[in-house]
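Residue numbers (the UniProt record's numbering): 1 to 363.
Glycine included, C-beta positions come from ideal geometry on N, C-alpha and C.
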Amino acid sequence: MSGLENCKPMNTWFKKLDTRPIVISGPSIVESEEQLLSTARELKKVEQVKIFKAGAWKPQTTAKSFGDRGLDILQWLNQVKLETGLLTMVEVASPKHVEMCLRHNVDILWIGARTTSNPFSVQELASALQGMSVPVMVKNPINPDINLWIEALETINKAGISRLAAIHRGFYPFEKTRLHNIPKWEIPIELKSRFHNLPIICDPSHIAGANKYVQEMAQKAMDLNMDGLMFESHFNAAEGISDQERQLTPSDLNQVLRKLICRLPSVEDIEENRLEKYRDQIDSVDSQLIELLAQRMNIVEGIGKYKAEKNMTILQLQRWEKVREKGIELGKSLGLSEPFVAQLLRMIHKEAILKQNEVMNRK
C-alpha cells in the first residue's frame, strides 16, 4: 500500500486551519511590495482566508522583470505574516527555492503543474525536503495523467512529508473551451477514492480562467467534498499586469465565499456519496463529450464553407464509409458494441450534413 496513508488532515497542520473549506488566496504574480501588502491586508478582512499565497518565482515571467526578486518577495512575505497573521505559501521549483523559503520561514510550499509534470524535478525537490516537516501541496500535472500526479505525491511523501495535500487546478485543453482548464473532475474523485486520507484543494481560478465561472467551479468542488479552495486575488484586479480576467478583488472573493453552500457528509451518507461520485464522473465525461461534439460541428461548418467555395457536394460517400468503418473498429477495441457505435456515428453524420447544408444555402 502507498505511504500516502500517513497523510495528516489539514486541521492538524496548524491551529488556524480548523474550518472547511480551508481558503488560500493571493496574487497571480507579485508586482510590487505595495501590491503584495495591500492585497494581504484586504484578504485579512475576509474571515475564511487563512493562507496567503504568492509566487516568488514564476515560470512565465522574464528574468528581467521578476526573476531576480525572489529574495525581496520572501522578505515582503515576512512582513505579511507580521501584519496579518496569515500563513504564507510559496511555489517552489528547485532545491534552491526550497532552501530560501525555509530560511525565510515560509509556512507551506507548493509544487506547480509544470514541475509535477517532470519526475526528475520532483525528485530533486524531494531530496531537498528530506528530513523536513514543512507542509507541501502538489498541483496536478498539465496533462490528465493521474499516475504522474500520484507519483509526484508519493515521491514527496517518501521524503518524510506527511503534511501533504493535492491541488486540483484542471488540465491543459488542446481545444478551446469556455473554461481555461478542463476540470476532468473524475480524476480528483479517483485520487480521493484511492487515498482517503489525502487532502485535496481545488483551484477554481485556474480552472475557470474568468471570474464569471469561479463561483460555479468553487461550488462544484464543495459538492465533491474537497477540503479547500485556492483563489487568485489582487487588491486592484482591473489594473493587474497579469491574469486580470481571473483575479478577484478581496471584496469579490468574500462574496463568492458567502454564496458557497458547504454540505457536511455524515456516516449515513457514505453509500450515497459513493453513488454520487460515480454520477459526478459521468457528468464530467458527459460535459466533455458535449464540448467535443460542439468543436466537431465548428470544424464541420468550416468544411461546409470550403465545399461551397469549391462547388463540391455535401455527401462524400467514400469519406463517410471510411469514418464509419474506423469508428466501429475503434469502438470494438474499447468494448463498445457495433450497433451502438454505428448508430452514434449515423446521428453525428446526420447533424453534420444538416450543418453543411445550412452553411451552403446561406445567402
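- Remark: fewer than three beta-carbon pairs, one from each stretch, lie closer than 8 Å, so the stretch 120-129 and the stretch 80-90 are not flagged as touching.
- When the five nearest sequence neighbours on each side are left out, the beta carbons in the same chain lying within less than 8 Å of the beta carbon of ILE348 are those of LEU293 and ARG296, in order along the chain.
- In this structure, DSSP gives HIS168 an extended state, which the three-state scheme calls strand.
- The residues ALA237, in chain order, have a CB closer than 6 Å to that of THR249 in the same chain once the five nearest residues on each side in sequence are set aside.
- The beta carbons of CYS262 and ARG20 sit closer together than 8 Å.
- According to the DSSP assignment, MET222 belongs to the alpha helix (DSSP H) that extends over 211-223.
- MET230: member of the beta strand (DSSP E) spanning 228-232, first to last residue.
- The beta carbon of VAL136 is closer than 6 Å to those of LEU109, ILE156, ILE161 and LEU164 in its chain, skipping five residues each way along the sequence.
- Here the C-alpha atom of LEU260 lies approximately 11 Å from the C-alpha atom of LEU229.
- Going by DSSP, TRP185 is part of no alpha helix (DSSP H) at all; its letter is neither H nor E.
- Under the DSSP assignment, VAL49 falls outside any alpha helix (DSSP H), being part of the beta strand (DSSP E) whose first and last residues are 49-54.
- Judged by beta-carbon spacing, TRP76 lies within the 8 Å limit of LEU36, meaning their Cβ atoms are closer than that value.
- The closest CA to that of ASN181, considering only GLY209, GLU5 and LYS192, is found on GLY209.
- By the criterion of a C-beta distance shorter than 6 Å, LYS277 is surrounded in its chain by ILE189, once the five residues flanking it on both sides are discounted.
- Annotation: the continuous beta strand (DSSP E) that includes GLU91 extends over 87-92.
- Excluding the 5 residues flanking it on each side, VAL49 has same chain C-beta neighbours closer than 6 Å at VAL23, SER25 and LEU43, in chain order.
- Classified as exposed, GLY335 has fewer than 16 neighbouring CB atoms from the shown chains inside 10 Å of its CB.
- Taking C-alpha positions only, SER333 is separated from ASP145 by approximately 21 Å.
- A distance of 8 Å or more separates the beta carbons of ALA342 and ARG362.
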